[in-house]
Structure formats: C-alpha cells, structure tokens
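**Q** Okay, handing you the structure first.
Residue numbers (the UniProt record's numbering), protein chains in the order written: chain A, 1 to 292; chain B, 1 to 292.
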C-alpha cells in the first residue's frame, strides 16, 4: 500500500498555505496522514497530529482539530441559541463535520435541526476520522441535506428560529456566503424574532471584510453584532461570529436563556453565560471600526 | 559585508522553535535579518517581516512584533494600573524593549517608573529596531537599571504601588520568575494596597503551570486573579496575566480608574474599561481549573 502524501506536508509537518493571511503560517506536527482526496468542491485532507488530535484541512486551511474544535462549535451554536427565547427549528449551512449539530441538540427547546452541506465528502471523512464531532449526525432531531445553501434557503422561507452558517473562508466554495444576497436570503428564511450567526473571520486579519459584511447586514437587519472567541489553530488564534436579528430592539449580547451550572460544568468546555457577554467586548482598534 | 543568517530562518521564513509548545510552530515571512547575536543571557534576533513589521526574538521565541505588540503592552500595564486607585511608584522587571514603560507613563498619577532588565542587549536592539516601543525609555519619569530582578527586589522593600513582570517564558533567564520565592519578593517590595501583574503564559498550553503559580500565589497574597488577551504572534494567539494584590477584599477585575473616552480613542488600541472586565472571564475549561 502506497503511503499517503500531501503538498502541505513535508518533513513530518503540515504547514497551512493560503493567500488569505500572507506572511504567516501555522504548522502542526504530523503523526500519520489519514485521508487525501479531491472532492467535487475542494481539496480534503485529514491527518493525525502529534499534539492536536486528528485535523481536518480543506484547501490547505485548518478547519478543525480534535483538541480545540470545542471553542468554535460551542460559540457559533450557543451565542445565537441562547440569545433566542425559544429556538425550535434550526438550520445549519455548512458545518459538514457535525460539530455544530452536536452543540445545537444540547438545547431541549429544539424540535428539529437541518444541516445543508454542499460537499458530501466532509460528513463522510468526519464520520470516519472525527467521531466526537460526527456524533452530531446521530441525534434523532437531525436531518441532513447535501446541496447548495442558496438553493435551500430560497425554498424555505419563514421557516427557522436560528440559522447558523458554519463556512470556510471567503474563497472557493464559501465565497458567496459572505455576500449581501446570502444575508438577505437568510433573513427571508427566518421566522419572526429569528437570529442568524455566521463564521465571521478574524478581526486581526480581515477587519475591512468584516466591516463590509456588517455594513451590508445593517441595511437588512435591525440588529447586527460582532463577537469572537479564541480558537488556537485558526489564524491569529481567533475567530469571529456575526449575529443578526430580524426584530428591532433585541439585545443579542446577553443570553436570554442559560444552561444550568451543572450542565455547563459537565457538557461544555468553552461557552458559559459570562463568556457569552464577554465575547462581544471588542478591543479598541476593532470597536472603532466595527460598531455602528 | 556578509549577509546575516540565523538557524530559525530558512527559505525566507522564520520559524519558532521551542520545547514549550510541542507539535506546533508559528512562521513569519522574513524581508531582512537585522540583528543576530548571543548576549550574555540569550540568543537575540531581530528581523524585518513582510507583514508584521520588525520582530524581536529571544532564544527562538517571538517576544514582540510591531504589528501586534500593543495588545500585550497595554494589557500588562493598564490592568494593574487601573485596578489601583492612585499608582505613583511603579517597577517593571524585564520589559527591556520599553513597550511597558511607554504604557505606564500614560497614567498621570505616576511619579516614577523603574525598569530592571537583566540583559542590556534588549534595550539596545529595541532602541535601534523597535523605536515605537523604545519610545518608553525617553520619558523623564523613567529610570533604567541593568541587573537582576531578584537582587533589586531584595534591596527595595515596601517601595512600589505596582510591580509589572514582563518576562519571557519559564526557561532560560526567566525560569525563576515563575517561582514562589519571586512572588514573595515582589510582595515584600509592594507598598500597602499594592498590585503585581506578571506575564502569565497561555491557558491553552500551560494550564497546569498557571494553576501551580496561582495556587502558590494564593498562599502569600489575599487576592489572586488570572486575565488574558489576544496576541496573534504568541503561541495559540493568546497570553495570560497573573494579578495579585496584598490587600484583602480588593476587586482587580473592575477598573477603579478609567481613561477618558477621547484618550482611549487616540492613545490606546486594545485596552478599554470594558476590555478590562472581559479579560477576566475565563472559558469553562480554564475557569474550572484556575478559579479559587
């Protein structure tokens, strides 16, 4: 059997490559390459690292590692869900590794959650190599649809309490997910009082892009906020979240529902009610650029 | 003239090397190597990067880049200074690049600030290659002492309102700065109601070490807290701060003094009063391990 190779892996180290954050690169030490393939949409790599567990890489960019994925999955799910008084129907666009589903179903209010992922290879490799994330697929309230998020939204207006877009960066298959058209489609698919939460890039790297997305969103949503959390293996160690609500006057920065303390202690590793509020507190340079 | 070389720079990229965070490595693209030398204490490298400005590296580990140093310098200075009602005399141990001094003198209450740096090469290269940080050295309230922090503390008991230890990591010259003896020496050098703030490592990498330092500190200080901020070029993109006060009942998590808004807007890029409070809000995994 031929040993797997990948252009980003040399001398036993994976090194991230992208034009999105020039002049810097994260490297992780590789124990074993597990999966190398070109899907219909992107380059898909999974390797076992020496210190971060198994790692999913799409088009050369780290999407999730077993060691730190919880920070991202918990935040992108619980920020919008706990800002909503009674989320029953949830849509996840992207998120094909299943990690966001795993978090969404922790809310007992949920009646159903649908995942729309364009690339069926992502759930496939996740089920095989990232079982703690793919666990989200097995819940009885979960439905999976392989297809395009745009098309799905057009066919499902006025349907969801919360829409979470767990996308990769705005190149390749996810590029259009940062445009005004997509934000308007999400708005039309929300129920009254609905909330969207999208992967919002990093304020240290893409402040201009984030500012543009927020400005465009403010044209179509009465409430638009930016939050962030640490995720060590994302570039600059941080990722943002864009939250919008279709009902004026809502405060997304404070949870309107809270997990009980025992649940937080045993079922969550990053998010808690205090972290929710702190996630919206921006450092000066970003606050001046991003706040309305 | 021979072109400079350094073992951490190959093919035009600097790559961090240390045993402190195995299995991961940050790389920055190099435009030009500016300074390579062995000081009496450590390997000192300065290079011009393509995207992060000039970069100071000690023993293979990034200490500061011109692009993101403000986050660290502002937080390690303004957290303790704004938790103190009237800081007049300040001691900085380490911090030989001058960046902390630059922040300390922004407080009009300050009468004098003394920097004790063991390695005179650090201020020298900073003055030459990191002028925005070295600007701290030129203020009339600043005194610089080249020497050992331990010895200096022993000779200056009961002298300071705030002591800031801006050290490198706990290997090499800074190792002893994480021990209980050093924390007790700092305590004895404080005036009543005094506060210390030390570089507190990263909760994603060194939670056990941080927990040990906090536990030891709680034996000798009545108030001990842990805060953190983003710093993209530090490992995992984050660094912590350990704050201790020698007076029981003090709340270091809320600023007792605030900069006025205009000052925050024009003179600060990371810290503000809301960021101060949010910096103490720990994600679940760290909260459970670190809170008393």
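In this text, a Cβ means the ideal position worked out from N, Cα and C, and glycines have one as well.
1. Take the Cβ of residue 201 of chain A as the centre, count every other Cβ of all protein chains shown within 10 Å, and call the residue buried at 16 or more, exposed below.
2. Which residues share a DSSP beta bridge with residue 76 of chain B?
3. Could you spell out the range, first to last residue, of the beta strand (DSSP E) harbouring residue 15 of chain B?
4. Residue 35 of chain A by DSSP, collapsed to three states: which one?
5. For residue 271 of chain A and residue 204 of chain A, I'd like the C-alpha separation in whole angstroms.
6. Who are the neighbours of residue 227 of chain B on chain A, taking C-beta pairs under 9 Å?
7. Extract the residue ranges of the beta strand (DSSP E) inside the stretch 123–159 of chain B, only unbroken runs of 3 or more that lie entirely within it.
8. Whether or not the stretch 55–69 of chain A and the stretch 61–68 of chain B are in contact is what I'm after, with contact meaning three or more pairs of Cβ atoms, one per stretch, closer than 8 Å; do they touch?
9. By the 9 Å beta-carbon criterion, what residues does the stretch 65–84 of chain B contribute toward chain A?
10. Residue range of the alpha helix (DSSP H) that residue 228 of chain A falls in?
11. How about residue 256 of chain A and residue 282 of chain B: are their beta carbons less than 9 Å apart?
12. For residue 12 of chain B, I'd like the list of residues in its chain whose CB is within less than 8 Å of its CB, leaving aside the five on either flank, ordered along the chain.
13. Please report the distance separating the alpha-carbon of residue 174 of chain A from that of residue 41 of chain A.
14. My understanding is that residue 109 of chain A touches residue 88 of chain A, with C-beta atoms under 8 Å, so please give their C-beta distance in whole angstroms.
15. Decide yes or no for the touch test of the stretch 237–256 of chain A against the stretch 217–229 of chain A: beta carbon pairs closer than 8 Å, at least 3 of them.
16. In whole angstroms, what is the alpha-carbon distance linking residue 218 of chain B and residue 209 of chain B?
17. Residue 123 of chain A CB to nearest chain B CB: under 9 Å?
18. Taking buried to mean at least 16 other C-beta atoms within 10 Å of its own C-beta, is residue 119 of chain B buried or exposed?
19. With the cut-off set at 9 Å, would you say residue 191 of chain A and residue 161 of chain A are in Cβ contact?
20. Following a CB-centred definition, is residue 166 of chain A positioned closer than 8 Å to any heavy atom of the ligand PLP?
21. Helix, strand or coil, according to DSSP, for residue 275 of chain B in the structure here?
22. Determine, using beta carbons only, whether residue 70 of chain B and residue 269 of chain B come nearer to each other than 9 Å.
23. Closer than 8 Å by C-beta to residue 211 of chain A: which residues in its own chain qualify, once you throw out the five before and the five after it? Chain order, please.
24. Measuring only the C-alpha atoms, how far is residue 83 of chain A from residue 75 of chain A?
**A** Judging by the given coordinates:
1. With 16 or more other Cβ atoms within 10 Å, it is buried.
2. None, per the DSSP bridge assignment.
3. For residue 15 of chain B, the enclosing beta strand (DSSP E) covers residues 13–15.
4. In the structure shown, residue 35 of chain A sits in a strand (DSSP, three-state: E or B).
5. Going from the Cα of residue 271 of chain A to the Cα of residue 204 of chain A covers about 22 Å.
6. Per Cβ cutoff of 9 Å: no residues; residue 227 of chain B is ~11 Å from chain A at best.
7. Scanning the stretch 123–159 of chain B from its first residue to its last, the whole beta strand (DSSP E) runs of 3-plus residues come out as 142–146.
8. By the Cβ test, the stretch 61–68 of chain B is not in contact with the stretch 55–69 of chain A, since fewer than three Cβ pairs between them sit closer than 8 Å.
9. Within the stretch 65–84 of chain B, the residues whose Cβ lies closer than 9 Å to some Cβ of chain A are 67, 68, 70, 71 and 74, listed in chain order.
10. Note, residue 228 of chain A: premise wrong, no alpha helix (DSSP H); beta strand (DSSP E) at 223–230.
11. The answer is no: Cβ separation not under 9 Å.
12. The answer, listed in chain order, is 29 and 30.
13. If I take the Cα positions, the gap works out to 10 Å.
14. Contact between residue 109 of chain A and residue 88 of chain A holds: their C-beta atoms lie close to 6 Å from each other, under 8 Å.
15. Touching, yes.
16. Approximately 14 Å, taken between the alpha carbons.
17. Put simply, the CB of residue 123 of chain A is far from chain B, with every gap to its CB atoms at 9 Å or more.
18. Buried.
19. Cβ atoms of residue 191 of chain A and residue 161 of chain A: closer than 9 Å.
20. The ligand PLP is absent from the structure shown, which contains no ligand whatsoever.
21. In the three-state reduction of the DSSP assignment, residue 275 of chain B falls in the helix class, which pools H, G and I.
22. Yes.
23. Cβ-Cβ distances below 8 Å link residue 211 of chain A to 289 and 290 in the same chain, with the five nearest sequence neighbours on each side left out; the list follows chain order.
24. Looking at the two C-alpha atoms, the distance is approximately 12 Å.
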